[in-house]
Amino acid sequence: MTTLDTLSPAVLKRLSKELLDLSKDPPEGIKTILNMDNITDVQAWIQGPEGTPYQGGCFRVKLTLGGDFPTAPPKGYFLTKIFHPNVSKTGEICVNVLKKDWKKEYGIGHILLTIKCLLIDPNPESALNEEAGRLLLEDYSAYAKHAKLITSIHGINRSIQFGKLQENCDDTEATKTRRSEKMCENTGPNIKAAAGAAEVLTINNGGTTSPKKRGADKKLEQAKMDKKRTLRRL
């Protein structure tokens, strides 16, 4: 397992900058998960692309960096269960960019985009999941049906979390300020309206009476008393 001590200061600086840039301006459908205590713990959420069996799901991935990174590629894993030819049942990812096509100039963002593209265009010729690879070649409908099933079980609920992360990212300070100002503007009228509505509701339900109604009741009671006094005199 990679620690901060196993990578050179130059590599750590590059990695830190790239992860911060990705968190500020993430690629569409990708959200990195920053671990400021250990930036070598590289994880991200990837949304299932539209038009694929993974649409509507969200998948957590992890990149394991070796001590010789970036000379050697990291290893990639799906932490969320997925049915895909190029992902083993233990989550290991098989993609050329993490093997023979690797270049040390490639960054984390490039790797994550490549993994997302793998969801769009699987490669059955380098399958780690033989069943998924066979179905993809022989019966795409059955492959898509099973992939959708696994996504619905393991990936759908996680998409809510991705949405929360994305909302937090998009919720700028300016937006928060506008919301606060709007709330402050509406507080006074809302309280008065609520109080008025509560008073009307109480009166209609036979509860505490309004000042006007109490005054009318007193006048009626006084009239009854005056009538009794008049009858006694007679």
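Residue numbering for the sequence shown is -19 to 214, as defined by this note's numbering. Ideal Cβ positions, reconstructed from N, Cα and C, are used throughout, including at glycine. These figures come from a predicted structure and were not determined experimentally.
* Asked: If you compare alpha carbons, which of T51, P33, D101 is closest to I130?
  -> Ranking T51, P33, D101 by Cα distance to I130 puts P33 first.
* **Endpoints, the beta strand (DSSP E) within which V41 is located** => 38 to 44
* Asked: Assuming L92 and K55 make a contact with CB atoms under 8 Å, what is their CB distance in whole Å?
  -> Actually they are not in contact, since the Cβ atoms of L92 and K55 sit about 14 Å apart, beyond 8 Å.
* To do: With a threshold of 16 other CB atoms inside 10 Å of the CB of K96, please say whether the residue is buried or exposed.
  => buried
* Asked: Excluding the five sequence neighbours on either side, which residues of its own chain have a C-beta within less than 6 Å of the C-beta of L115, listed in chain order?
  -> A122, Y123
* Expressed to the nearest angstrom, what Euclidean distance is found between the alpha-carbon atoms of N109 and S(-4)? -> 34 Å
* May I ask you to report which of helix, strand or coil DSSP gives E8? => coil
* Asked: If you follow the beta strand (DSSP E) that Y57 is part of, which residue opens it and which one closes it?
  -> 55 to 58
* To do: Report the rounded CA-to-CA distance for G135 versus K69, giving the unit in angstroms.
  => 15 Å
* To do: Please state if the CB of L45 and the CB of T20 are separated by a distance shorter than 8 Å.
  => yes
* To do: May I ask you to report which of helix, strand or coil DSSP gives C72?
  => The identity of residue 72 in the sequence shown is Glu, whereas the question assumes Cys. Strand, per DSSP.
* Cutoff 7 Å; reference P104; Cβ partners in own chain excluding five residues on either side -> P65, G113, L116, L117
* To do: Identify whether A(-10) lies in helix, strand or coil by the three-state DSSP scheme.
  => helix
* Considering only residues of the same chain and omitting the five flanking positions on each side of K42, which have a CB-CB separation below 6 Å? -> Q23, Y57, L59
* **Residues bridged to W25 [DSSP beta-bridge criterion]** => K11, R40
* If you draw a straight line from the alpha carbon of Y86 to that of D119, how long is it in whole angstroms? -> 35 Å
* **Three-state class that DSSP yields for A174 in the structure shown** => Unreliable positioning characterises A174 in this predicted model, as indicated by a pLDDT of 34, which lies under 50. The coordinate reading is nonetheless provided below. Helix at A174.
* To do: Could you name the residues that DSSP lists as bridge partners for V77?
  => BP columns for V77 are empty, so no partner.
* Which residue from D17, W82, R40 puts its Cα closest to that of P217? -> Past the boundaries of the shown model lies residue 217; the chain is included only from -19 to 214, so the question cannot be answered.
* N-terminal and C-terminal residue of the alpha helix (DSSP H) that K61 is part of -> Taken as a continuous stretch (DSSP letters only), K61 belongs to no alpha helix (DSSP H), as it is neither H nor E.
* To do: Take the Cβ of T51 as the centre, count every other Cβ of all protein chains shown within 10 Å, and call the residue buried at 16 or more, exposed below.
  => exposed
* **Sub-8 Å separation of T94 and V67 beta-carbons** => Result no, Cβ atoms of T94 and V67 do not sit closer than 8 Å.
* Between which two residues does the alpha helix (DSSP H) harbouring Y123 extend? -> Its alpha helix (DSSP H) spans residues 120 to 134.
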